[in-house]
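If you count the sequence shown from 1, position 108 lands on 108 in UniProt numbering, and the numbers rise without skipping.
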Amino acid sequence: MKISVIIPVYNVEKYIYRCIESIINQTMTEDIECIIVNDATPDKSINIIKEILSHYNGNISFKIINHEKNEGLAAARETGMKYAQGDYIIHLDSDDYCEINMLEEMYNTAITNDADIVIADYWLQYKDHANYISQTIPSTHEEIFKANLEDKIKGYNWNKLIKKQLYTQNNIKYIKGINYGEDFLIALQLFYYAKRVFHIPNAFLHYVQYNCNSYSQSLSRQSLENIIFCETYLINFLEKNKILEKYKQQVDFIRLRNLCQLIFRSKGNLQKEWTNPYKNLNISILKKNKELVQSLYWRIALSCFLYGSLPLYNFMRYIWRYLRKKQSKTITLYQ
1 MKISVIIPVY
11 NVEKYIYRCI
21 ESIINQTMTE
31 DIECIIVNDA
41 TPDKSINIIK
51 EILSHYNGNI
61 SFKIINHEKN
71 EGLAAARETG
81 MKYAQGDYII
91 HLDSDDYCEI
101 NMLEEMYNTA
111 ITNDADIVIA
121 DYWLQYKDHA
131 NYISQTIPST
141 HEEIFKANLE
151 DKIKGYNWNK
161 LIKKQLYTQN
171 NIKYIKGINY
181 GEDFLIALQL
191 FYYAKRVFHI
201 PNAFLHYVQY
211 NCNSYSQSLS
221 RQSLENIIFC
231 ETYLINFLEK
241 NKILEKYKQQ
251 VDFIRLRNLC
261 QLIFRSKGNL
271 QKEWTNPYKN
281 LNISILKKNK
291 ELVQSLYWRI
301 ALSCFLYGSL
311 PLYNFMRYIW
321 RYLRKKQSKT
331 ITLYQ
């Protein structure tokens, strides 16, 4: 088998037809399997898939694997990995869709270059337009790993064709329960171990931005706890491989970004608990991370926190929520 396409399915009946059709219509169909993981979806998504496949007589092998209960995105991806027989793996979110030449172009690049990872550009797909997002890949392994930590190479699974051996030989697995940032943890390890990374300067994947049920469109308390887990995992991974000090500036960048989410969406004792580990961040990192802290709000807000004045920050947030009443109603503060 050449390629395994893994698609977790949960609450996507509005989008799943287009997603499956984009796989069925691929220009490369020989030795391709598509593993659909039904994560106990309560809607009609699986019925729609079965209806599509009942009329399909092409070469792609489709398998539907059922979870008895909802286990989350990471568990669904890992289930797909257990069944995957392809030499290369690509993950596709069930509300997204791809161009019909995606598998052929990415696989040919992988085989020609004996690549561990092939990265493509992608589209941010809105209802009425799409934005082209290009990826720039440095020339050395060290620069590639650094660029991923700096978020210059996005850690998304779905714009990357990855050699299965890279997963299996390095025991890289999705962690059940880590559904927000799971791609960050996987990319961290893949880019550390990959020796040959190649880029295709074309976009194939349409990353849909208007599914309000997707993990990327909402931040629950569990999502915020996942952020904390991923940060700890990152630091432990770098320490284990004796490179934490080497990438300290990149880690500080990530921690500052995480702090913005945690401090903004919590209050009371939970806010103190979540933000206490960040008191060791130095105020100087604000100057080093101008791309992250472009808004005047966050430059003042983070300065308040890093100078030890959490109540002043909370007062500032209260003013913001008062002035932006409509927007603030959509943001839950956890305590």
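All residues carry an ideal CB built from backbone N, CA and C; glycine is no exception.
Residues sharing a beta bridge with residue i, DSSP
i: Ala115; result: Note: Ala115 sits in no beta bridge, so no partner.
i: Ile32; result: Ile3
i: Trp123; result: Tyr132 and His206
i: Asn38; result: Val9 and Asn66
Own chain partners of residue i with C-beta closer than 6 Å, once the 5 adjacent residues on each side are dropped
i: Ile172; result: Gln189
i: Lys267; result: Leu333 and Gln335
i: Ser94; result: Ile7, Val9, Val12, Ile16 and Cys19
i: Glu99; result: Phe204
i: Ile32; result: Ile3 and Ile60
i: Asn131; result: Leu124
Residues of its chain near residue i, where Cβ-Cβ distance is below 8 Å and the 5 sequence neighbours each way are ignored
i: Lys272; result: Leu310
i: Glu30; result: Lys2 and Asn59
i: His67; result: Val37, Asn38, Asp39, Ala40, Ala75, Ala76 and Thr79
i: Leu270; result: Tyr334 and Gln335
Beta-carbon proximity of residue i to residue j, cut-off 8 Å
i: Ile35; j: Gly72; result: no
i: Leu286; j: Leu262; result: no
i: His199; j: Gln135; result: yes
i: residue 342; j: Ile16; result: What is shown of the chain runs 1 to 335, which leaves residue 342 out entirely.
i: Leu256; j: Leu281; result: yes
i: Ile89; j: Ser223; result: no
i: Lys146; j: Tyr247; result: yes
i: Lys164; j: Gly86; result: yes
i: Val197; j: Ile144; result: yes
Of the residues the options, the one placed nearest residue i, counting alpha carbons only
i: Phe184; options: Thr232, Trp298, Lys240 and Asp128; result: Thr232
i: Ala84; options: Lys154, Ile64 and Lys146; result: Ile64
i: Ile283; options: Gln249, Pro8, Ala187 and Asn211; result: Gln249
i: Glu150; options: Gly86, Glu182, Ile254 and Lys14; result: Ile254
i: Leu166; options: Ile100, Trp123 and Tyr193; result: Tyr193
i: Asn159; options: Leu323, Ile6 and Gln327; result: Ile6
i: Ile52; options: Asn131, Glu142, Ala110 and Glu13; result: Glu13
i: Ile111; options: Leu161, Gly308, Phe305 and Glu239; result: Leu161
i: Thr275; options: Phe305, Phe229 and Asp128; result: Phe305
Cut-off 7 Å between Cβ atoms - residues of its own chain near residue i, not counting five sequence neighbours on either side
i: Ile331; result: Arg265
i: Asn226; result: Ile178, Asn179, Tyr180 and Gly181
Chain D contact for residue i (CB, 8 Å cutoff)
i: Ile100; result: Among the chains in the structure shown there is no chain D, since it carries only a single protein chain.
Is there contact between the stretch 203-212 and the stretch 172-188, where contact requires at least three CB pairs shorter than 8 Å? no
Does the stretch 44-64 come close enough to the stretch 13-22 to have 3 or more Cβ pairs within less than 8 Å? yes
Three Cβ pairs or more, each shorter than 8 Å: is that satisfied between the stretch 39-48 and the stretch 112-127? no
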